[in-house]
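Novice:
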C-alpha cells in the first residue's frame, strides 16, 4: 500500500515538473504560430527596417529593438556602480545596527510593483527630467533612469548576498597580512563573489529588457531612432503594451506577435547565459 | 595563582594582566592573564574548548578589532610597546605578527599571487625582488618543488596540506617577527599534519611561534614551552618536556592525563 502511495506521489511530482516544460513549449508554439504571417511577409527585414507604419502595413522592429537596447544599457550604466556601492556598504562597512534596516528597505524597494514605479515616474520624475535636460520629459532618458531605479534593489541585494558568502576566515587571512578594508574588498571579496555578482547583473539585465509597465508610462511609444536621449522613444514591451488594442489587421497583429517572440528569445538567451555560465561556475568554485 | 616558568631567554612578547571581553558579553573571556613568550621558540597553548586559547592568540595581531565592540584590558608588550594601545598601527602590526588559520585559506588567485599578496600590500613592485622573495618563501615552507612548475595556476587546485603550506609561505614572505598558528592542522590528514609540524619546528630559527592546538601530542612534538589554559586563565606555563612529565599544578596533571577535557 505504502509503495503505491510512493509511486503515485512520485508520478504526481513528475507531472507538475513536466507541466512547466509544457507551458514553455506551448507559449513558444503560440508565439511562432501567430508570428508566421509577419515572418512570411517581412522575413529578416523585420529586424532591420526602421519604419513602423501600421496604416501602410509597414512593420519594422528596429526602433523598438534600439529602444530596448539603449534604455537597458542606460539602466545598467547607472545602476551597476550604485549597486556595487550599496552592496559593499551593506556587507562590509555598515555598522551592524544599520545593516538590517537599510538591507530591509532595499528589499522593500524590490517589492514595489512596477506599475507604481511607472506612475511615480510619470507624475513626479518626468517633470524633473524635463526641467533639467529639456525636451518633453517623456523620453529614453526617463525610461533608462526609472529602469535603473527598478533593477537597483535586486542587483544590490544579490551582490550583497554574494559578497556575504566570502568566508570570514578568508577575509581575516587578508587582514592578517596587513590588508586594509579596501584591499580586502577589492582583492578578496569581489574576486571571490565575482561569478555571483556578474550573474545577478545579467539577471537584472534580463528583467530590464522585458520590463513593461514602468517604462510604458515614461517612454512615449514613438517609433523613431534618435541619438538624443531626451526624445521620446519606444521599446519592444512598450510597443506591445500600447498597440495590441489597436491592432486592426491580421498583419499588424502578427507583427506584434513577432515582436514578443523576439523579446522572449532575447530574455531567454540572457537568462540562460546568467544561469548556466555564471551562476553555475560559482557552485563548482567551492 | 598560575605557575609560570622563568623564561630566561629573550622574550618576543610579554602579556601583562590581560583581559579580553567579547562584544555584548558580561564577563571577560580571558581574566588577568600574564605570560612571557620566548623569542625564537615555539610556545603551545593547550586547554579544553572554550578556555580562551584562540581568543588569546587572536589578540596578538588584534584580529578581534575587525568585529566592533570587543574590549581589551592590560598590556601585551611587543618591541617595547603596548600593542593594545589605541594608537597602534594595526596594518603594520599585522605585517610583524602573522597568522595561520584553522583551515587553509588560499585566496582566489594564482599560487604566485597568493604569496605575492602581502609583499604587494607593502608596496613591493619590483619583479625580480618579488620573484626572489616568493621563491625563498615557498622553499622555506617546503612546497617549492611541488609548485615551481605551476606558479600561475589557481591556488585552489592544490591539496589541503599544500594550501596550508602555501599559507605559511604567504605569511613568512613578509618576514614577520612572530607567527600565530590557530590549530593549523585541524583540517588536515596525518601526513600533511606531519609536514606542517616539521615546518613549525624548522621555522622557529627565524620567527617566534605561538601555536594553539587541541592535540596534546602535537604540543609535545613541536613546542619548547607549553601553556595550559582553563576557563580564561593560564594555569601553568612550563618547558614542554617538564610540563608533560612533571606538571606543577594539579589541574594540569588532570588535563594531560585525560581526567577531563
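Chains as they are written, first to last, in the working numbering: chain S, 1 to 286; chain H, 1001 to 1261.
Cβ atoms here follow ideal geometry from the backbone N, Cα and C, with glycine treated the same way.
1) Alpha helix (DSSP H) containing residue 192 of chain S: first to last residue?
2) Could you check whether the stretch 97-111 of chain S touches the stretch 181-191 of chain S, counting it as contact only if at least three pairs of C-beta atoms, one from each stretch, sit closer than 8 Å?
3) Using a cut-off of 9 Å between C-beta atoms, extract the partners of residue 1006 of chain H located in chain S.
4) Would you kindly check if the distance between the Cβ of residue 1055 of chain H and the Cβ of residue 1030 of chain H is under 8 Å?
5) In chain S, which residues lie with their C-beta within 7 Å of the C-beta of residue 1071 of chain H?
6) Is the shortest distance between the beta-carbon of residue 1122 of chain H and the beta-carbons of chain S less than 8 Å?
7) So is residue 17 of chain S buried or exposed if we call it buried at 16+ other beta carbons inside 10 Å?
8) From S/151, S/140, S/43, S/279, pick the residue whose C-alpha is nearest to that of residue 84 of chain S; which is it?
9) Residues in the same chain with beta-carbon distance under 8 Å from residue 1199 of chain H, minus the five sequence neighbours each way, listed in chain order, please.
10) Name the chain S residues that come within less than 9 Å of residue 1024 of chain H, Cβ to Cβ?
11) Classify residue 57 of chain S as helix, strand or coil using the three-state DSSP reduction.
12) Using a Cβ-Cβ cut-off of less than 8 Å, list which residues of the stretch 1089-1106 of chain H approach chain S; keep chain order.
13) Buried or exposed for residue 283 of chain S, please, with buried defined as at least 16 other CB atoms from any protein chain shown within 10 angstroms of its CB.
14) Taking 7 Å as the cut-off, does the CB of residue 43 of chain S come closer than this to any heavy atom belonging to the ligand ZN?
15) Kindly indicate which residue of H/1047, H/1148, H/1182 has the alpha-carbon position closest to the one of residue 1101 of chain H.
16) For residue 1114 of chain H, count neighbouring Cβ atoms within 10 angstroms of its own Cβ and tell me buried if that reaches 16, exposed if not.
17) Can you say whether residue 40 of chain S is buried or exposed, counting buried as having 16 or more other CB atoms within 10 angstroms of its CB?
18) Roughly how many angstroms lie between the CA atoms of residue 285 of chain S and residue 1249 of chain H, to the nearest whole one?
19) Tell me which residues share the same chain as residue 1095 of chain H and place their Cβ nearer than 6 Å to its Cβ, disregarding the 5 neighbours each side in the sequence.
20) So residue 1225 of chain H and residue 1240 of chain H are in contact, right, with Cβ under 8 Å, and what is the actual spacing, rounded?
21) Anything in the stretch 80-99 of chain S with a Cβ closer than 8 Å to a Cβ of chain H? List those residues in chain order, please.
22) Closest to residue 1014 of chain H by CA distance: which of H/1039, H/1137, H/1024 is it?
23) Got a sec: is the Cβ-Cβ distance from residue 248 of chain S to anything in chain H below 8 Å?
24) One question on the structure: do residue 72 of chain S and residue 133 of chain S come within less than 8 Å of each other, judged by their Cβ atoms?
25) Could you please tell me which residues of the stretch 1055-1088 of chain H, in chain order, have their CB closer than 8 Å to any CB of chain S?
26) Could you tell me which residues DSSP puts in a beta bridge with residue 1043 of chain H?
27) Which residue wins for smallest C-alpha separation from residue 241 of chain S, given the options S/248, S/13, S/217, S/264?
28) Tell me the DSSP secondary structure of residue 283 of chain S in three-state form.
29) Taking DSSP as the reference, what is the three-state secondary structure of residue 1115 of chain H?
30) For residue 175 of chain S, which three-state DSSP category applies?
31) Please compile the residues from chain S whose C-beta is within a distance smaller than 9 Å of the C-beta of residue 1184 of chain H.
32) Would you report the Cα separation of residue 1078 of chain H and residue 1012 of chain H, rounded to the nearest angstrom?
33) Report yes if the CB atom of residue 1203 of chain H is closer than 8 Å to the CB atom of residue 1180 of chain H, and no otherwise.
34) List the residues that DSSP assigns as beta-bridge partners of residue 1013 of chain H.
35) Using only the alpha-carbon positions, how far apart do residue 200 of chain S and residue 157 of chain S sit?
36) Measure the alpha-carbon distance for residue 69 of chain S versus residue 236 of chain S and round it to whole angstroms.
Specialist: Based on what the coordinates show:
1) Going by DSSP, residue 192 of chain S is part of the alpha helix (DSSP H) stretching over 190-210.
2) In short, these stretches do not touch, since the Cβ pair count stays below three.
3) Taking a Cβ-Cβ threshold of 9 Å, none of the residues of chain S is close to residue 1006 of chain H; the smallest such distance is about 31 Å.
4) Taking 8 Å as the Cβ cut-off, residue 1030 of chain H and residue 1055 of chain H qualify as a contacting pair.
5) For residue 1071 of chain H, there are no C-beta contacts with chain S under 7 Å, since the nearest C-beta of that chain is about 16 Å from it.
6) A Cβ of chain S is located within less than 8 Å of the beta carbon of residue 1122 of chain H.
7) Here residue 17 of chain S is exposed, its C-beta having fewer than 16 other C-beta atoms within 10 Å.
8) Out of S/151, S/140, S/43, S/279, S/151 has the C-alpha closest to the C-alpha of residue 84 of chain S.
9) Contacts found: 1141, 1142, 1165, 1168.
10) The contacting residues do not exist; residue 1024 of chain H stays about 10 Å from chain S at best.
11) Assigned with DSSP and collapsed to three states, residue 57 of chain S falls in coil, not helix or strand.
12) Going along the stretch 1089-1106 of chain H in chain order, one finds 1091, 1092, 1094, 1095, 1098, 1099, 1101, 1102, 1103, 1105 with a Cβ nearer than 8 Å to chain S.
13) The predicted model places residue 283 of chain S with a pLDDT of 44, which falls under 50 and marks its position as unreliable; any figure quoted below should be read in that light. The residue is exposed, with fewer than 16 neighbouring Cβ atoms inside 10 Å.
14) The ligand ZN is not part of this structure, which contains no ligands at all.
15) Here the closest residue by C-alpha is H/1182.
16) Flag for residue 1114 of chain H reads buried.
17) Here residue 40 of chain S is exposed. Its C-beta has fewer than 16 other C-beta atoms within 10 Å.
18) Residue confidence is low: residue 285 of chain S scores 41 on pLDDT, short of 50, so the model does not pin down where it sits. Its coordinate-derived value is still stated next. Looking at the two C-alpha atoms, the distance is approximately 49 Å.
19) So the list reads 1174, once near-sequence residues are dropped.
20) The pair is a contact, with the Cβ atoms about 6 Å apart (cut-off 8 Å).
21) Considering only beta carbons, the part of the stretch 80-99 of chain S lying closer than 8 Å to chain H consists of 95, 96, in chain order.
22) Nearest to residue 1014 of chain H by C-alpha distance, out of H/1039, H/1137, H/1024, is H/1039.
23) No, residue 248 of chain S lies away from the interface with chain H (no Cβ there is under 8 Å from its Cβ).
24) Between residue 72 of chain S and residue 133 of chain S, the C-beta spacing is not below 8 Å.
25) Residues are counted here when their Cβ sits less than 8 Å from a Cβ of chain S; for the stretch 1055-1088 of chain H these are 1061, 1063, 1066, 1068, given in chain order.
26) Partner residues in the beta bridge of residue 1043 of chain H, as assigned by DSSP, are H/1210, H/1225.
27) Looking from the CA of residue 241 of chain S, the closest CA among S/248, S/13, S/217, S/264 belongs to S/217.
28) Note on residue 283 of chain S: pLDDT 44, under 50, position unreliable in the model; no value is reported.
29) If DSSP states are grouped into helix, strand and coil, residue 1115 of chain H belongs with the helices.
30) Here residue 175 of chain S sits in helix by DSSP.
31) Within chain S, no residue comes near residue 1184 of chain H; the closest Cβ sits about 12 Å away, beyond 9 Å.
32) Straight-line spacing of the CA atoms in residue 1078 of chain H and residue 1012 of chain H works out to 7 Å.
33) No, Cβ-Cβ distance for residue 1203 of chain H and residue 1180 of chain H is not below 8 Å.
34) In DSSP, residue 1013 of chain H forms a bridge with H/1037.
35) Those two C-alpha atoms are separated by around 9 Å.
36) Approximately 10 Å between the Cα atoms of the pair.
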